[in-house]
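Taken in sequence, the protein lines are chains D and E. Counting from 1267, one number per residue, gives the positions in the first sequence under the working numbering. Counting from 1267, one number per residue, gives the positions in the second sequence under the working numbering. Even glycine gets a Cβ: it sits at the ideal position worked out from N, Cα and C. All values derive from a computational prediction rather than experimental measurement. Note sheet for the following structure.
There are 2 protein chains.
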Amino acid sequence: MSRRRTLQFDAVRDVVQRACDHPNADQILARVRERVASVSVGTVYRNLEKLAADGEIHILQIHGRQARYDGMIAAHDHFVCDGCGTVSDLLPAQPGRLTHPALAEVGYDIRAHTQTFFGLCPECKTGARA
Amino acid sequence: MSRRRTLQFDAVRDVVQRACDHPNADQILARVRERVASVSVGTVYRNLEKLAADGEIHILQIHGRQARYDGMIAAHDHFVCDGCGTVSDLLPAQPGRLTHPALAEVGYDIRAHTQTFFGLCPECKTGARA
DNA sequence: TTTTTTGCAAACCATTTGCAATTAG
DNA sequence: CTAATTGCAAATGGTTTGCAAAAAA
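So this is what it looks like as C-alpha cells:
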C-alpha cells in the first residue's frame, strides 16, 4: 500500500501544483503528456485521486459535471467570471474569509455567492460516526 | 418558445419546491412518478433545466458528478454532514452570511468550508461582455 | 392547426475499472 | 522477488438528444 515514486505520479502532481488556472482532467493530461508522452487517462485520474486522498490537491466541483483541480491547499475562496469564464483564487490579505462587499470594493461585480460547509451536524457530533 | 402547462412540468416543480432534502434527479423522478406514473427520465431533466433557466430552482454541485436540486431560491448556504450524508439549508436568522464560528456555537463541527463567488471580474466589468 | 412537450431509446462524455504487462523498491 | 503502477480498452452512470407520437394553445 505504500506509495511508489513514478515519473507519471510526479508529473501529475507537479502539473497541478504549478497550474494557476484550475485545470480539468483533460488539460492536466495534455500538460503531463508534454513531459511523459505515454501517460494514459486512467493513470492521470488515478494519480489525481491519490493526491486528493493525501490532501495534496483539492477537487473542485464548480459547475457542470467536469471536475477542476486545485493545487493550492491553503484555505481560500474562488471567483468564477461569467465574462471570461476563468476561475480564480481569492486570497484574503487579512486572515478571515472574503465578503461580498469587500470584493465589490476591489472592482468585482458579484452576482451570486454560494457557501458550503462540511463537517458533522449537531446530531452526528454527539452520536455514532466520527 | 412560450411555456406550456403540463402535468409533468407542474409535478416536477412541485416535487422540487416541496423537497427539503436536496434530492438528485433519480429521487425526483421517483417522487414525480408517484403522481404521474409514466414520466420519463428525459422529461424530468428537461423540466429541471427549464425551472433552473427561469430561476425557479437551483442546481447544486455539492460533490461528485450527480447534481442535486434546490427549490429554495432565497440566498442561503449549505451544510453537508460527513456523518449522515444529508445536505441541509443554513438560514441565517440575521441578515448576512453565516460564519464558521457562528455555526460552531450552534453545535456544528465544521471541518471544511468553501465559498464561491460568481459575477464579473474587474477586467470584464469595465470591458466587453455584459 | 401549429408548436411545444413527451416517452423512448440511443448517444454522450467524464470518470472508473479489469487485466496483463511494467516497474519501483 | 513482490506488490504497486501503468496503458489499454471496455464498462459505468449521470445527463443529453433525436425523433415520431401526443397534447397544449
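Three CB pairs or more closer than 8 angstroms across the segment 1351 to 1359 of chain E and the segment 1303 to 1316 of chain E:
no
Which residues in chain E have a C-beta closer than 8 angstroms to the C-beta of H1379/D? List them in chain order.
A1341, R1363, Q1381, T1382, F1383, F1384
Do you know offhand how far I1323/E's Cα is from D1375/D's?
23 angstroms
Identify which residue in K1391/D, R1279/D, V1353/D has its Cα closest to the Cα of G1373/E.
Closest in C-alpha terms to G1373/E, from the list K1391/D, R1279/D, V1353/D, comes K1391/D.
Identify whether V1307/D lies in helix, strand or coil by the three-state DSSP scheme.
helix
Who does N1290/D pair with in a DSSP beta bridge?
R1334/D
Distance, Cα to Cα, A1341/E vs V1298/D?
Spanning the two alpha carbons is a distance of roughly 40 angstroms.
Contact check, Q1283/E vs G1337/E, beta carbons under 8 angstroms
yes
Report yes if the CB atom of I1325/D is closer than 8 angstroms to the CB atom of A1318/D, and no otherwise.
yes
List the residues of chain D that G1337/E touches, going by C-beta distances under 9 angstroms, in chain order.
Within chain D, no residue comes near G1337/E; the closest Cβ sits about 16 angstroms away, beyond 9 angstroms.
Going by Cα to Cα distance, which pick from T1352/D, G1330/D, F1383/D is closest to A1378/E?
F1383/D
Apart from the five residues just before and just after H1366/D, which ones in its own chain have a Cβ nearer than 8 angstroms to its Cβ?
Closer than 8 angstroms at the Cβ level, and outside the excluded window around H1366/D, lie I1376, H1379.
Taking DSSP as the reference, what is the three-state secondary structure of L1364/D?
Reduced to three states, the DSSP call for L1364/D is coil.
Would Q1332/D pass as a contact of V1305/D if the rule is Cβ separation under 8 angstroms?
Taking 8 angstroms as the cut-off, the beta carbon of Q1332/D is found no closer than this to the beta carbon of V1305/D.
Let me make sure I understand the geometry here. Which of C1387/D, A1370/D, V1278/D has the alpha-carbon closest to that of E1371/E?
C1387/D
Could you round the C-beta distance between Q1381/D and R1363/E to whole angstroms and report it? I think they count as a contact, below 8 angstroms.
6 angstroms
Under 8 angstroms, Cβ to Cβ, is there at least one residue of chain D near L1314/E?
no
In three-state DSSP terms, what is D1375/D?
strand
So is R1334/E in contact with chain D if we call contact Cβ pairs under 8 angstroms?
no
Alpha-carbon to alpha-carbon, T1352/E and A1396/E
Reliability of the predicted coordinates at A1396/E is poor, the pLDDT of 46 falling under 50, and the value obtained from them is presented with this limitation in mind. Going by the C-alpha atoms only, they are around 37 angstroms apart.
In chain E, what lies closer than 9 angstroms to Q1327/D by C-beta?
Q1327, I1328, H1329, G1330, R1331
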